[in-house]
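Peer 1: I'd like to ask you about the structure that follows.
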Amino acid sequence: MRIGLIAIDGCLGSAIASIIDIVRVADGARGDVDPRIDPIELAILGPKRRVTTTASMTLSVDHPLSESGEFDVVVVPALGTLTAAATNDVLQSRDARSVIASLGRLDEATTRIAAACTGVFAVAETGRMHHRRATTSWFLGPEFRKRYPTVALDLDTMVVVDGNLVTAGAAFAHIDLALSLVRSISPDLAQHVAKLLIIDERPSQAAFVAYEHLRHEDPIVVEFERFVRARLDEPFNVAFVAQSLGTSRRTLERRVRAALNLTPLGFVQRLRIERARHLSATTDFTSAEIALRVGYANAETLRSLLRRERRRS
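Just so you know, we're using our numbering here: the sequence shown kicks off at 5 and counts up by one.
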């Protein structure tokens, strides 16, 4: 397999380094797992001869972007941004526009596209994600949905595979992305590499999502979140909440789904679990006391939800 790793000035240094290390360890270990596994080659693609990452790591570019189609997989790592505004600025830069144009020219029948974190935005800019599943950095999910409303965004999943398109979540999900590429070559090799590098499997971003940090601008959703956070210990009735906010149940459900990709009840359950975990870590309350403080009549209901959440994450 030939893997082309795209790099532009300011891209996330840890993302580049983790992908390089995992792929090269996989190539070095393939003979120990199965001698029949073909060599795994990794090369740097870019718009310039040399690029500098966020970690001030300088990389020599092996191939120009015009040669991207010669690789089996082209990987787009994080752009090195943490906010929607900064991501938009990078996407408008000359280097990023060159990357987006080169991705748009790739033949999906012969070249897979893989991306993680804000790198997924660059792939979405090509239009290739229209009506397809993907994931990205959980804290930029609302911005992603606003920019690319036809993409089926799944923020709970760490790595999403949809045909010849592979996407991964925030920052260190590049590790999961790289392992996913190795797994497509050989599951046994991926397992061996994970053991060598002591990489734990993390199939979901759900455990890392802090919903109060999700960025969205819908005033109804903002008010809904404030309303239910102040009343997590009370029974939840979506019709009553909608009426209290001066809107209809259907409108509230639609707006919450658009901003958070959750039903109102699903969001309230996530908030309750988040609050329960915080109380468990910071107080001496019993399970029964915590359950009451987050709106459940008994501790078993809360424990059941926590177990379900752990299975998802």
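Where is the CB? At the ideal position from N, CA and C, for every residue including glycine.
All values reported here derive from a predicted model rather than from experimental measurement.
1) Below 8 Å on the Cβ atoms is my contact criterion, and I expect ILE44 with ALA30 to pass it. Report the Cβ-Cβ distance as a whole number of Å.
2) DSSP state of ARG311, grouped into three classes?
3) Verify whether the separation of the beta carbon atoms of LEU306 and ALA292 is less than 7 Å.
4) For THR290, which option in GLU278, ALA303, THR251, GLY299 has the closest C-alpha, if you only look at C-alpha atoms?
5) Please specify which runs of the alpha helix (DSSP H), each continuous and at least 4 residues long, are wholly inside the stretch 88-166, giving them in chain order.
6) Just the C-alpha distance for HIS217 and ARG40, rounded to the nearest angstrom, thanks.
7) To the nearest angstrom, how far is it from the Cα of LEU266 to the Cα of VAL260?
8) I'd like to know if ALA292 contacts chain C, where contact means its C-beta is closer than 7 Å to some C-beta of that chain.
9) For the beta strand (DSSP E) containing ILE10, list its first residue and its last residue.
10) Please work out which residues of its chain come closer than 6 Å, Cβ to Cβ, to ASP99, disregarding the five sequence neighbours upstream and downstream, and give them in chain order.
11) Where does PRO268 fall in DSSP's three states?
12) Considering only residues of the same chain and omitting the five flanking positions on each side of SER308, which have a CB-CB separation below 6 Å?
13) Looking only at its own chain, which residues have a Cβ that is under 8 Å from the Cβ of LEU256, when we skip the five neighbours before and after it?
14) Over what stretch of residues does the alpha helix (DSSP H) that includes LEU293 continue unbroken?
15) In angstroms, rounded to a whole number, what distance separates the CA positions of ARG151 and ALA177?
16) From HIS162 to VAL79, what does the alpha carbon distance come to, in whole angstroms?
17) Tell me the DSSP secondary structure of LEU169 in three-state form.
18) Under three-state DSSP, which class holds HIS217?
19) Please state the DSSP three-state secondary structure of GLY32.
20) Check GLU304 in the structure and name its three-state DSSP category.
Peer 2: So, from the listed chains and residues:
1) Numbered from 1 along the sequence shown, position 40 holds the residue referred to as residue 44. Numbered from 1 along the sequence shown, position 26 holds the residue referred to as residue 30. With a Cβ gap of about 6 Å, ILE44 and ALA30 count as contacting.
2) By 1-based counting over the sequence shown, the position of residue 311 is 307. Residue state for ARG311 is assigned as helix, using DSSP reduced to three classes.
3) Here residue 306 is taken as the residue at index 302 of the sequence shown, counted from 1. Here residue 292 is taken as the residue at index 288 of the sequence shown, counted from 1. Cβ atoms of LEU306 and ALA292: not closer than 7 Å.
4) One-based indexing of the sequence shown puts residue 290 at position 286. Minimum Cα distance to THR290 is reached at ALA303.
5) 88-95, 98-109, 123-128, 145-151
6) Translated into the one-based positions of the sequence shown, residue 217 becomes position 213. Translated into the one-based positions of the sequence shown, residue 40 becomes position 36. In this prediction, HIS217 scores a pLDDT of 46, lower than 50, which makes its location untrustworthy; the coordinate-derived value is nonetheless stated afterwards. Whole-angstrom Cα-Cα distance: 47 Å.
7) Looking up residue 266 in the sequence shown gives position 262. Looking up residue 260 in the sequence shown gives position 256. Those two C-alpha atoms are separated by around 7 Å.
8) The structure shown contains no chain C; it holds only a single protein chain.
9) Walking along the sequence shown from the start, residue 10 turns up at place 6. Run containing ILE10: 6-10, per the beta strand (DSSP E) assignment.
10) Here residue 99 corresponds to residue number 95 of the sequence shown, with the count starting at 1. For ASP99, where only same-chain residues beyond five positions count, the Cβ hits under 6 Å are ILE12, PRO51.
11) Within the sequence shown, residue 268 is the residue found at index 264, counting from 1. Here PRO268 sits in helix by DSSP.
12) Here residue 308 refers to the residue found at position 304 when the sequence shown is read from its first residue. Nothing meets the Cβ criterion.
13) Looking up residue 256 in the sequence shown gives position 252. Correct list, in chain order: ILE224, PHE228, VAL242, VAL245, ALA246, LEU249, PRO268.
14) In the sequence shown, counting from the first residue as 1, residue 293 sits at position 289. Before going on, a small fix: residue 293 reads as Glu here, not Leu. Counting along the chain, the alpha helix (DSSP H) containing GLU293 begins and ends at 291-297.
15) Residue mapping note: residue 151 aligns to position 147 of the sequence shown, counting from 1. Residue mapping note: residue 177 aligns to position 173 of the sequence shown, counting from 1. So the alpha carbons of these two residues sit roughly 22 Å apart.
16) On the sequence shown, position 158 is the one that residue 162 refers to. On the sequence shown, position 75 is the one that residue 79 refers to. One detail in the question is off: residue 162 reads as Met in this sequence, not His. Taking C-alpha positions only, MET162 is separated from VAL79 by approximately 16 Å.
17) The residue given as residue 169 occupies position 165 in the sequence shown. Strand at LEU169.
18) The sequence position of residue 217 within the sequence shown is 213, counting from 1. Bear in mind that the predicted position of HIS217 carries a pLDDT of just 46, short of 50, making it unreliable; the figure below should be weighed with that in mind. Here HIS217 sits in helix by DSSP.
19) Stepping through the sequence shown from its first residue, residue 32 is reached at position 28. GLY32: helix per DSSP, three-state reduction.
20) Taking the first residue of the sequence shown as 1, we reach residue 304 at position 300. Helix.
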